[in-house]
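Numbering (the working numbering), first residue to last: 15 to 595.
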């Protein structure tokens, strides 16, 4: 018997999630600055930040998760006042939107094709007479999507356009809120391929307002009718939206409770926005909790906001707080004050990416906010790291027993573990993995659990195996690979055909043992009806030791019982099979 044992000690180093923060870093670092609204975006290890500074738009880039940053880049250099910049990226292409005041407000677009080292000229999207402000931008399926608030006849609506050629040309601007009796404001946009999620606040008479949501599945060509998600007595002030690839959409809302008392409520959809949970208060403070931001990474939800509750009863300054959830926002870990200074810190924005070794990933994130602690209004940032081990795999091994591969593994802890997909790859199959089976997990536990899986009827040769651990939300991690060799059979075997019953084709497998000097055996495999009449000869030749499989195609047969038999040397065997049309 051959046996392969792989102990995954690397998976067993930490049993609990850990979060820590680096020192605060001054991104803008501009004396006498009036740094204002800012936006962040991450794509893998690339982090991008834009902000307004004395009426100009500034840009900063990091290629290593925010560990170090390139020098500031000025995008605008104009006498007009520019603000409210937002940024997104697709590879080395970086796209920025902002509004410019030049007699009236208009939306301006700029792009870079070299990670922000150089930039295109300013390009207007909305027109100078439109009163367009507070844009948002997203990318998906090689398209750029843009939305903003545009006021016409004293009514603000949400307008949309897209580009299919990296921002050179743009589609006709369309109104997607179409609310003649209310102002639509503070829009949010998220794109996954051609699927777009758009949310905004619709205000009738201040402070009465609600959150509305619309969706497009064809890249913005058409949109669903806007739906009121809140329709309650609490006015909504600002919102932030994020989503993932598993149809989970989250909206964090700054809700006004009383004067100088706001709370952050969370709405969640698990079906791509078709239905929504009731809003849940996730701050529960007695002060002012506002300007929320969330980042969704599978079941890991990271949340940051501005809050002055800790300065009660004076409530004289706000700080930036952070907390996280490992179960999709159902429960939350304790919050952390990450700015913690006597001056005002406000409007946090956050980006995140996966980092670290496979199987025990670091979630690397950076929170950016504006702050008065330096004596000026500066853009500060603080990098954090969070290690989450949803399933702690401590051992994974493979045995071989009579041409059956037996896999065994164990876990020390599990969180939201749906189960393990067992995947197999023959060494000669040019890297193609296939699914061998699935073993259910136990959900959430801190106890040691043991698992086993048998993979039989294999041909001789070398095989690789790995485990794909899948959470209930669809997120997954792969184990390391293990290799094992299946030898030649040590006895004749005729296996049951599969599928059975069949229509019109079925597979018949048999094994020829490794006899003296690996000599060939004369093999005869035939199919008969119930009267003993020969229907077909499938094999009639000498064959080397090994496992073989042939297809029997019976489209011209009537439904009923049939037999297949094998003669190989002194070995004879027969089995039944059923044709069922």
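Backbone N, C-alpha and C fix where the C-beta goes; we use that ideal spot for every residue, glycine too. As the structure is a computational prediction, the values presented were derived from the model and not from experiment.
6 Å Cβ shell around residue i - same chain, five flanking residues per side excluded
i	result
residue 563	521, 523
residue 397	36, 80, 380
residue 73	64, 87, 89, 130
residue 486	430, 432
residue 556	534, 536
residue 587	508, 580
residue 218	196
residue 571	593
residue 98	51, 112, 113, 148
residue 248	269
residue 480	437, 492, 493, 495
residue 176	157, 159, 185, 234
residue 583	535
residue 30	Note that residue 30 scores a pLDDT of 38, beneath 50, so its modelled location is shaky; the value from the coordinates is reported in the next line. Taken in chain order, the list of residues that qualify is empty.
residue 33	400
Sequence-distant residues of the same chain with beta carbon closer than 7 Å to residue i, five excluded per side
i	result
residue 366	56, 309, 311, 316, 377, 378, 379
residue 489	312, 313
residue 318	307, 334, 335, 336, 362, 364, 381
residue 285	261
residue 573	593, 594, 595
residue 106	127, 128, 129
residue 291	281, 282
residue 360	305, 320, 332, 383, 384
Bridge partner(s) assigned by DSSP for residue i
i	result
residue 399	34, 378
residue 171	164
residue 565	521
residue 51	Paired residues: none, contrary to the question.
residue 486	Partner(s): none; residue 486 has no beta bridge.
residue 491	483
residue 598	No answer is possible for residue 598: the residues shown for the chain start at 15 and end at 595.
residue 266	254, 280
residue 472	According to DSSP, residue 472 bridges with nothing at all.
residue 67	49, 70
residue 182	Looking at the DSSP assignment, residue 182 forms no beta bridge with any residue, so it has no partner.
Cutoff 8 Å; reference residue i; Cβ partners in own chain excluding five residues on either side
i	result
residue 391	47, 48, 49, 50, 384, 385
residue 330	322
residue 301	274, 275, 321, 322, 323, 324, 325, 326, 329
residue 530	Residue confidence for residue 530 is low, a pLDDT of 44 falling below 50, so the modelled location carries little weight and cannot support an answer.
residue 345	339
residue 369	59, 79, 375, 376, 377, 378, 399
First through last residue of the beta strand (DSSP E) which encompasses residue i
i	result
residue 516	Premise fails: residue 516 is in no beta strand (DSSP E) and is neither H nor E.
residue 458	448-459
residue 209	209-217
residue 425	418-440
residue 466	463-469
residue 360	359-369
residue 224	223-230
residue 551	548-557
residue 580	574-582
residue 586	585-593
residue 504	Here residue 504 belongs to no beta strand (DSSP E), and DSSP marks it neither H nor E.
residue 95	95-104
residue 76	70-76
residue 409	405-415
residue 206	197-206
residue 58	That residue, residue 58, is in no beta strand (DSSP E); it is neither H nor E in DSSP.
residue 543	535-543
Distance CB(residue i)-CB(residue j) smaller than 9 Å
i	j	result
residue 114	residue 87	no
residue 144	residue 166	yes
residue 280	residue 265	yes
residue 433	residue 410	no
residue 230	residue 214	no
residue 101	residue 54	yes
residue 503	residue 538	no
residue 193	residue 216	yes
residue 491	residue 478	no
residue 140	residue 134	no
residue 387	residue 353	yes
residue 428	residue 463	yes
residue 267	residue 244	yes
residue 526	residue 560	yes
residue 172	residue 163	yes
residue 565	residue 519	yes
Test: residue i CB closer than 9 Å to a CB of chain C
i	result
residue 259	In the structure shown, chain C cannot be found, because there is only a single protein chain.
Going along the chain, which unbroken runs of the beta strand (DSSP E) with 3 or more residues stay wholly within the segment 272-355? 275-283, 303-311, 314-321, 333-339
Please give me, in chain order, every unbroken run of the beta strand (DSSP E) with length at least 3 that falls completely inside the segment 110-162. 119-126, 146-154
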